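Per full-length UniProt numbering, numbering through the sequence shown is continuous, rising by one, with the last residue being 853. The block underneath contains the structure these notes are about, expressed in structure tokens.
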Amino acid sequence: MDFHSWRNARENDPNSQDQLRGHVKRLTDLLIEEEKRSARLCMNFCYENQVFITLSKIGQSGSAAVIRECIAAFSTLIDNEDEDFLAQESFAQSLIAFLRRTSQGSDLMFEGEFVELLFSIAAKIRLSPGILQAWFTTRGEEEGGREFESLGPQQRFAGITNKDDFPLFYLLIDYVHHEGRVGDFARTGLLYIIEAAYTSGDLEKWIVESDLATLMASGLGALYSQLSRKLVVTYPTEDPPTILVLSDYSSSPPMFGAESSNSPEFQTHLETFLTYLIFWQDVLEHCRSADVKQTLLDHFQVLFLQQLLYPSLLESSDIDGGSSVAVLTYVRVVLDTLEHPDLIHLILSYLMSIPDKPKPTPPPQSTAMARRRKSLDLLSQVAGMDDTPTPDLFNLVDLVLTSLRSRSQQTVSATLRLVSTILRKHHPYSVSTLLKVIPVSAGAQVRTIGAHNKEMELLFSLVGDISEDKDVSESYSEHLKDNLVLLESHPCSAKLLALKSSTGRDEDRWVKLRDMYTHTIHPNDPLLRNVIELLKIFFSNTVETNLVLTAVIVDLATCSWMRPEGWLLFDPDGYEFEGSDESEEEDEMEDIENELAEIMGDNDEKDIFAQKERKRINALKKANRVPRFTSTPPILEALQGLVGQIRAYRREIPDLDDKLTERKRAFQFTDELNEALLSSPLSSPPMLPLPIRNPKLDSISPRNLARPSSAASSSVSRQRQPSGGSASAIRSSRMPAQIVPNSSSRGISPAAVAAGSPSSPFNSHVTDTTMRRIKVLQPGQAGLHLPPPPEGESREGSVVSDAGTATTVTVGEEGEFTLSHLLTNIMILQEFVLELAALVQVRASLFGDVKFA
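Laid out in structure tokens, this is it:
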């Protein structure tokens, strides 16, 4: 390379820049070609003559094309395994000078290659920690110690910014917030450096005293602040999910200032926020330094939880157009995304105001860590002197209970989703906070097999009363399989079933909170009361609310520590049995004992055996007795009330069962149609590729109306949908929006089915079904009185409630819904009762809920 030509080259001269780019590219090509031939002449020359110094200077004053070629040349030198360039301090200084200068451009055309080069260096440091000293330099212990010690509490908490000690560290931090490959490479590179801190006491101390934690927490807060303060959960207006089409779903425009959850801008912002949140989790997961980990957690609490997340929760309102929906959704998505026990514990214990358990004496910490912790304590004391409310006065539980009583179905649905996530993934944190519970002693009465069989008969009788369709065996079989997966994958089940957790972190979760104990829900539990009130007005609720409501009830009963007796099933303490002739039982047992004696002979051992057999047979007989139930549990009572309302509707709507049959056929039809189109070799692929999004975003997308997505519960959430008694029909109600349009492209869509289009096989009555309006029944109202219908209108289309009753429970302003809406909710109710029956059956076999003797 002509050194003289490089010195005379001008940055704005295209000819000279092209010549320099050609020289650098030629060097890179020679090095790559040499590597293929296992020759090392050029590489040895570069190493001995320190060509990288000239390469750095060329890049610092070169054009974008020259810089890109210099990056490629440096990458080639770094990848060389024979000559350890990264261990040379001169190489590190030259490369850092090049990187710092070229990173100052406002519009980097070579951003991807630039960050990949940073990542390559971090990856090498991770594999060979010995080269760290060439890239990380520390000042003297006394100098650094005096500077940190002289800072005040607030400055100490913020940390020291010193880019000269470890420039590579700060270069990576500049890109961790970026999207796509650039952000991925930067976050992974920074993760490698933090992981390497465990091998270097100086680096660990430097990270603790640096502003890393402040920058990471501030970045997370900035991304959270980009999310809309008001949110409306919406679904595509074109070809929405079938279950919404066949109900009273209306896509009203968001209120002023509210953003639609379906908008691309919101989805992008949420995805970016969740990606960075996962980065936080990865850092804590791979960080082996207790001091660095605690520093990060402290800043997460102060800068994100206390200053951003909790204030947004506190300021949310149900009357301003969606701020409650927004914050409830964000908290739920955060909890559904995270898996790290430290972060989960920090978030839930703070937002729910759970006092920490007394901690044992911690091991000796570094001096820097002790100073940081002291700064945090001082800042907490200052914050406590302020008049700002804290979770001790109003916490997440208060917001949940308040929002469940909202008149906005959007707020209620968002709240139920959050409750479902907490119960399903973090049940220990709900005990004595979200739920008022009663401990169950080890010697408490257990449900008998006779009572279990009677309860199963009761649930199946409700299924039969809801619909005349008796063929539910296939659907029930699917529910059994899905509930088995749901129970086995529940975090509380791992300890009971002695199963190894997939994450291996459940033990930490128990240690951090409290020892779990067998419990049941208190009869006056506020959450249970709110759930029951919503269940009573099931038919007037939106479909979305009912899907999540049923999910919450199932989630309440899936924990192995939760006893379903008393609130879902009948309490064994209330069993009553018909009187029996004791003398007849004694005579029967005596006959059995005599038969055994004749068979086995007559001696003391045989007598003892016969007595044991007599007791065992007597216990089996008692366990199989069918009790008479006294007080009905509140969930079953509400379900019986809904079945009574269905009977009332059936008496006054002669063709109700016919319409239910048509509705089930509609779901089956759309499902079969979509499956046929997807499996057909003639079906054309979408014009545009589907966007790749974080799986957690699906929790507010049309494909997850029922509950947040989860690897363990995705199949179960499908069963929350109505069906005609088959698994395939259930899946149709959760057909993703990207799939449903395929049907419309062939001239048939769910909307066409509902409207009775010429291409639909249900023309006869579907249009009439959609148009009929029905007054809302009161909870528990079982009788209707129909006045004479208006002239020209059939009696079937004018169902009203008794004029002499009190104010009815209303949905919307008029307190009405369509018959189509009623039919869809009836189908959801039938599937829900089937799922409850399957859940009770699986719990009995898996958790030993039933006593057989």
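We put the CB at the ideal spot given by N, CA and C, even for glycine. This structure is a prediction, so every number in the text was calculated from the model and none was measured.
I354 - DSSP class collapsed to helix/strand/coil: Counted from its first residue, the sequence shown places residue 354 at position 354. If DSSP states are grouped into helix, strand and coil, I354 belongs with coil.
Selection from A65, F847, L274 that minimises the alpha carbon distance to A494: Numbered from its first residue, the sequence shown carries residue 494 at position 494. Nearest option by C-alpha distance: F847.
Exposure label - G566; buried when at least 16 CB within 10 Å: Along the sequence shown, one-based indexing puts residue 566 at 566. So G566 counts as buried.
Contacting residues, own chain, Cβ-Cβ under 8 Å from K851 (five flanking each side not counted): Taking the first residue of the sequence shown as 1, we reach residue 851 at position 851. Answer for K851: V446, R447, T448, I449, A623, listed in chain order.
Segment contact flag, the segment 66-83 with the segment 131-139, C-beta cutoff 8 Å, min 3 pairs: no
Residue environment, Q841, which counts as buried when at least 16 other CB atoms sit within 10 Å: Start at 1 with the first residue of the sequence shown, and residue 841 comes out as number 841. That one is buried.
Beta-carbon proximity list for P129, same chain, < 8 Å, skipping 5 on both sides: Residue 129 sits at position 129 when you count from the first residue of the sequence shown. So the qualifying residues of the chain are A196, T199, S200.
Check whether L416 and V548 have beta carbons under 9 Å apart: Here residue 416 corresponds to residue number 416 of the sequence shown, with the count starting at 1. Here residue 548 corresponds to residue number 548 of the sequence shown, with the count starting at 1. Yes, the pair counts as a contact, with Cβ atoms nearer than the cut-off.
Span separating the alpha-carbon of H23 from that of E179: The sequence position of residue 23 within the sequence shown is 23, counting from 1. The sequence position of residue 179 within the sequence shown is 179, counting from 1. Rounded to the nearest angstrom, the two C-alpha atoms are 34 Å apart.
The segment 341-349 contacting the segment 414-433, beta-carbon criterion three pairs below 8 Å: yes
Length of the line joining the Cα atoms of A217 and S150: As a working note, residue 217 is residue 217 in the sequence shown. As a working note, residue 150 is residue 150 in the sequence shown. C-alpha separation (whole angstroms): 24 Å.
Endpoints, the beta strand (DSSP E) within which R773 is located: Residue numbering aside, residue 773 sits at position 773 when the sequence shown is read from its first letter. R773 -> beta strand (DSSP E) spans 773-775.
Other residues of its chain near D18: CB distance less than 7 Å, five sequence neighbours each side excluded: As a first step, residue 18 is located in the sequence shown; it is residue number 18 there, counting from the start. Correct list: empty, nothing qualifies.
Rounded C-alpha distance that separates L220 from I207: Here residue 220 refers to the residue found at position 220 of the sequence shown. Here residue 207 refers to the residue found at position 207 of the sequence shown. Going from the Cα of L220 to the Cα of I207 covers about 18 Å.
First through last residue of the beta strand (DSSP E) which encompasses T520: In the sequence shown, the residue the question calls residue 520 occupies position 520. First-last of the beta strand (DSSP E) with T520: 519-521.
Residues sharing a beta bridge with M562, DSSP: Position 562 of the sequence shown, counted from the start, is the residue given in the question as residue 562. H519.
Validate contact between the segment 814-830 and the segment 532-544 using beta carbons, cut 8 Å, 3 pairs: yes
Beta-carbon proximity list for L834, same chain, < 7 Å, skipping 5 on both sides: Taking the sequence shown and counting its residues from 1, one reaches residue 834 at position 834. Excluding positions up to five away in sequence, the list reads V463, V472, S475, Y476, H479.
Within 9 Å, strictly: CB atoms of residue 854 and G112: The question about residue 854 has no answer here: the residues shown for the chain are numbered 1 through 853.
Bridge partner(s) assigned by DSSP for R37: Indexing the sequence shown from 1 puts residue 37 at position 37. Answer is none; R37 lacks a bridge partner.
Residue span of the beta strand (DSSP E) that contains E816, given as start and end: As a first step, residue 816 is located in the sequence shown; it is residue number 816 there, counting from the start. 816-818 is the extent of the beta strand (DSSP E) around E816.
DSSP-derived helix/strand/coil call for K851: Numbered from 1 along the sequence shown, position 851 holds the residue referred to as residue 851. Three-state DSSP puts K851 in a strand.
V766, buried or exposed, once every other Cβ within 10 Å from all chains shown has been counted against 16: As a position in the sequence shown, residue 766 is number 766, starting the count at 1. Residue placement at V766 is poorly supported in this model, since its pLDDT is 45, which falls under 50; the coordinates are not used for a value here.
Inter-stretch contact (C-beta, 8 Å, three-pair minimum) for the segment 631-638 and the segment 553-573: yes
Other residues of its chain near D506: CB distance less than 6 Å, five sequence neighbours each side excluded: Along the sequence shown, read from residue 1 onward, the residue named residue 506 stands at position 506. In this prediction, D506 scores a pLDDT of 49, lower than 50, which makes its location untrustworthy; no coordinate-derived value is stated.
Cβ-based neighbour list, Y429, same chain, cut-off 6 Å, excluding 5 preceding and 5 following: Translated into positions along the sequence shown, residue 429 becomes position 429. Closer than 6 Å at the Cβ level, and outside the excluded window around Y429, lie L348.
Bridge partners - E238, DSSP secondary structure assignment: The count along the sequence shown starts at 1 and reaches residue 238 at position 238. Looking at the DSSP assignment, E238 forms no beta bridge with any residue, so it has no partner.
Within-9 Å CB hit, E816 to chain C: Structure shown: chain C not included; a single protein chain is present.
Proximity below 9 Å, CB of N262 to CB of L401: Taking the sequence shown and counting its residues from 1, the one referred to as residue 262 is at position 262. Taking the sequence shown and counting its residues from 1, the one referred to as residue 401 is at position 401. No, these two residues do not count as a Cβ contact at 9 Å.
Boundaries of the beta strand (DSSP E) in which I438 is found, first to last residue: Taking the first residue of the sequence shown as position 1, residue 438 is located at position 438. Counting along the chain, the beta strand (DSSP E) containing I438 begins and ends at 437-439.
Residues of its chain near R405, where Cβ-Cβ distance is below 7 Å and the 5 sequence neighbours each way are ignored: For the purposes of this step, residue 405 is identified with residue 405 of the sequence shown, where counting begins at 1. Taken in chain order, the residues that qualify are N530.
Alpha-carbon to alpha-carbon, L434 and D298: Here residue 298 corresponds to residue number 298 of the sequence shown, with the count starting at 1. Here residue 434 corresponds to residue number 434 of the sequence shown, with the count starting at 1. Approximately 25 Å between the Cα atoms of the pair.
Backbone secondary structure at I319 - three-state DSSP: One-based indexing of the sequence shown puts residue 319 at position 319. Here I319 sits in coil by DSSP.
Nearest candidate by alpha-carbon position, reference N524, set Q410, E544, I438, L227: Locating residue 524 in the sequence shown gives position 524, counting from the first residue. Considering only alpha carbons, the answer is I438.
C-alpha gap between G322 and K230, whole angstroms: Here residue 322 refers to the residue found at position 322 of the sequence shown. Here residue 230 refers to the residue found at position 230 of the sequence shown. Looking at the two C-alpha atoms, the distance is approximately 5 Å.
Selected residue, minimal CA-CA separation from Q830, among K57, F45, S467, L118: Within the sequence shown, residue 830 is the residue found at index 830, counting from 1. The shortest C-alpha separation from Q830 is found at S467.
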